[in-house]
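Structure, as structure tokens:
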Amino acid sequence: MLATDYRLATPDLRIGLPETKLGIMPGFGGSVRMPRMLGADSALEIIAAGKDVGADQALKIGLVDGVVKAEKLVEGAKAVLRQAINGDLDWKAKRQPKLEPLKLSKIEATMSFTIAKGMVAQTAGKHYPAPITAVKTIEAAARFGREEALNLENKSFVPLAHTNEARALVGIFLNDQYVKGKAKKLTKDVETPKQAAVLGAGIMGGGIAYQSAWKGVPVVMKDINDKSLTLGMTEAAKLLNKQLERGKIDGLKLAGVISTIHPTLDYAGFDRVDVVVEAVVENPKVKKAVLAETEQKVRPNTVLASNTSTIPISELANALERPENFCGMHFFNPVHRMPLVEIIRGEKSSDETIAKVVAWASKMGKTPIVVNDCPGFFVNRVLFPYFAGFSLLLRDGADFRKIDKVMEKQFGWPMGPAYLLDVVGIDTAHHAQAVMAAGFPQRMQKDYRDTIDALFDANRFGQKNGLGFWRYKEDSKGKPKKEEDAVVDDLLQK
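With the first letter of the sequence shown counted as 1, position 304 gets the number 304 in UniProt numbering; the numbers rise by one all the way through.
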């Protein structure tokens, strides 16, 4: 596409160069043509971050020359060709910058590439060589014409393609495509739910409601008190306002989305929903009661799902008259950012039920995986052996701060185990740990009181109550900021 002289796009276009997300850099002239077309700053922002832009932004920066409706695309392209043939458009002049060195003074080049390197160092760090290699290659090629610049691109591309990082990131991409392909195959004969409902508001319920409404599926959000409903609607409104502040939506779009979330204290509208997800407190008695009551308020073919992270789906299904219409649907917090959703198949869950819930998750922009009903499902079954190893290190005298630092700085994880536990919630981890121990006693049972037990007994539940491995206070943006707390060291030494 970059080799063409003129480019037209439809309004729904998303375009970019995602190669650095795969551990490589743009090849076939991508890192040569784009900077010469857009200028260094815009091109570096797209290439180094591996990001894409919408049609309006692409037009603004010169990545496309026009935006037309899909039904007018061929007609528009022909019109551009006629103008080029007639001499109304100087296609030779348009092409020329792509053949020449970058038009940057020494000062401009120094500023552009220094800023780009700083951005890459801050976001990608030392664990992802592709972004910084791309920036350095564009910098080195800036003073050359196209042919020499292409040679430099090739010399940088080939070694990157053979790195462990590239192999791993390409593997992740292919696996992600495989999982999405399975979901698509599973739902090919199933109609995507057109109306959904959430039981339980609050942060999680509000997040689920927002995600459903944002992706075009209206949702009823029910709770037993006004305070929780207000919290849920506030969460949805907060997420939409962030989109507004970033310029991704306008006020009309915001109002349109929020109007499709209907808060209620009763079951009004539940007779019209296709799928209901329960997101109430993690207590089997409460969940069973809520699900059983809801079953009486919906149509016979409505699917029910539970957002439980630890309770067996088959156990919850015992409270229902139609267990074949029930399965698990486990979201991760924050819902709008976490792509994975576990769809848990209970002993009596029908194939149609699973397919409908997978279809809804896919419509919400999530990556659904179908797992069997077992302790920890998939994610916690993988995660808690990691936490168990962390607890053993602390038992042997290791400092949790140093462990987190090693995992974050040396291994490149977004957060170390201590910080992750604070974010997940010590109380949540304490309960899930017990579930895992009961399910896999030979592997997960412990004969000592570990750090999670100590913090839980001290009512230190992490970010949710401001006390965990660290003490938390809100920063100027309202986000929790961790601070050292000497009390924790005393607790861990007992």
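Just so it is clear, CB atoms sit at the ideal spot from N, CA and C, and this is done for glycine as well.
Rounded straight-line distance, which links the Cα of residue j to that of residue i
i: Val53; j: Lys248; result: 11 angstroms
i: Val32; j: Ile47; result: 11 angstroms
i: Asp396; j: Phe390; result: 10 angstroms
i: Pro18; j: Asp447; result: 48 angstroms
i: Lys180; j: Glu293; result: 34 angstroms
i: Leu199; j: Glu191; result: 22 angstroms
i: Val220; j: Trp360; result: 15 angstroms
i: Lys477; j: Arg246; result: 15 angstroms
i: Asn154; j: Ile15; result: 23 angstroms
i: Asp266; j: Val358; result: 27 angstroms
i: Leu104; j: Ala161; result: 29 angstroms
i: Glu474; j: Lys481; result: 6 angstroms
i: Ala70; j: Thr451; result: 59 angstroms
i: Asn50; j: Ala124; result: The residue you asked about is not Asn; residue 50 is Gly in the sequence shown. Each residue's alpha carbon lies about 11 angstroms from the other.
i: Val158; j: Leu174; result: 20 angstroms
i: Thr137; j: Val68; result: 35 angstroms
i: Glu483; j: Phe469; result: 9 angstroms
i: residue 515; j: Pro312; result: Within the shown structure, residues of the chain are numbered from 1 to 494, placing residue 515 beyond reach of any answer.
i: Ile345; j: Glu324; result: Reading off the sequence shown, one finds Arg at residue 345, where the question assumed Ile. Answer to the nearest angstrom: the Cα atoms are 10 angstroms apart.
i: Ala209; j: Lys356; result: 17 angstroms
Where the beta strand (DSSP E) through residue i begins and ends
i: Asn372; result: Thr367 to Asn372
i: Val219; result: Val219 to Lys222
i: Val53; result: Asp52 to Gly54
i: Phe342; result: This sequence places Glu at residue 342; Phe is not what is there. Segment Leu340 to Arg345, the beta strand (DSSP E) holding Glu342.
i: Ala197; result: Ala196 to Leu199
Burial state of residue i, where buried means 16 or more other Cβ atoms lie within 10 Å
i: Val277; result: buried
i: Val406; result: exposed
i: Ile107; result: exposed
i: Gln463; result: buried
i: Pro263; result: buried
i: Arg449; result: exposed
i: Leu239; result: buried
i: Leu252; result: exposed
i: Arg36; result: buried
i: Gln211; result: buried
i: Asp404; result: buried
i: Pro368; result: buried
Residue range of the unbroken alpha helix (DSSP H) whose run includes residue i
i: Pro480; result: Run containing Pro480: none in the alpha helix (DSSP H); it sits in the beta strand (DSSP E), Pro480 to Glu483.
i: Ala434; result: Ile426 to Gly439
i: Ala236; result: Asp226 to Glu245
i: Tyr386; result: Val379 to Arg395
i: Met111; result: Lys106 to Thr123
i: Met37; result: Gly30 to Leu38
i: Ile208; result: Gly202 to Trp214
i: Val158; result: Arg146 to Ala161
i: Ala85; result: Just to set this straight, residue 85 is Ile in the shown sequence, not Ala. Note, Ile85: alpha helix (DSSP H), Leu73 to Asn86.
i: Lys180; result: Asn164 to Leu186
i: Arg401; result: Phe400 to Lys405
i: Thr137; result: Pro129 to Ala141
i: Phe469; result: Neither: Phe469 is in no alpha helix (DSSP H) and is coded neither H nor E.
i: Ser314; result: Ile313 to Ala317
CA nearest to the CA of residue i, picked from the options
i: Glu321; options: Ile343, Glu245 and Lys297; result: Lys297
i: Lys242; options: Pro218, Ser259, Trp214 and Tyr267; result: Trp214
i: Pro385; options: Val341, Gln445 and Val371; result: Gln445
i: Thr114; options: Lys126, Lys356, Lys402 and Val135; result: Val135
i: Tyr472; options: Asp422, Pro11, Asn459 and Ile452; result: Asp422
i: residue 500; options: Thr20, Gly29 and Gly216; result: Lying before the first or after the last residue shown, residue 500 is absent from the chain, which here runs from 1 to 494.
i: Asn164; options: Gln442, Gly23 and Gln96; result: Gly23
i: Lys287; options: Leu102, Arg443, Met25 and Thr310; result: Thr310
i: Gly425; options: Phe440, Phe456 and Ala438; result: Phe456
i: Ala201; options: Gln96, Lys94 and Val280; result: Val280
i: Gln177; options: His430, Ser362, Pro97 and Ala429; result: Ser362
i: Asp427; options: Leu467, Glu408 and Phe440; result: Leu467
i: Gly256; options: Pro218, Glu282, Leu291 and Thr234; result: Pro218
i: Lys72; options: Arg443, Ala9, Gly118 and Ala55; result: Ala9
i: Ala141; options: Pro284, Leu102 and Ala209; result: Leu102
Short CB-CB distance (under 7 angstroms) between residue i and chain C
i: Phe400; result: In the displayed structure, chain C is absent; only one protein chain is listed.
Next on the checklist: So, does the stretch 54-71 touch the stretch 27-42, judging by three or more C-beta pairs under 8 angstroms?
Outcome noted: Counting C-beta pairs with one atom in each stretch, the stretch 54-71 and the stretch 27-42 have three or more that are closer than 8 angstroms, which means they touch.
Next on the checklist: Does the structure place the stretch 338-350 close enough to the stretch 405-419 that three or more beta carbon pairs sit under 8 angstroms?
Outcome noted: Verdict: no, contact absent.
Checklist entry - Just checking, does the stretch 212-229 make contact with the stretch 182-190 on the three C-beta pairs under 8 angstroms criterion? => result No: fewer than three Cβ pairs fall under 8 angstroms.
Item to check | At least 3 beta-carbon pairs within less than 8 angstroms: the stretch 264-277 vs the stretch 303-313 | outcome: Touching, per the Cβ criterion.
Next on the checklist: With three or more beta-carbon pairs closer than 8 angstroms as the criterion, would you say the stretch 195-212 touches the stretch 228-237?
Outcome noted: Remark: three or more beta-carbon pairs, one from each stretch, lie closer than 8 angstroms, so the stretch 195-212 and the stretch 228-237 are flagged as touching.
Item to check | Three or more C-beta pairs below 8 angstroms linking the stretch 362-381 and the stretch 314-330 | outcome: The answer is yes - the stretch 314-330 touches the stretch 362-381, with three or more Cβ pairs under 8 angstroms.
Next on the checklist: Can you confirm whether the stretch 4-20 touches the stretch 79-89 when touching is taken to mean that 3 or more C-beta pairs between the two stretches lie within less than 8 angstroms?
Outcome noted: Yes, the stretch 79-89 is in contact with the stretch 4-20.
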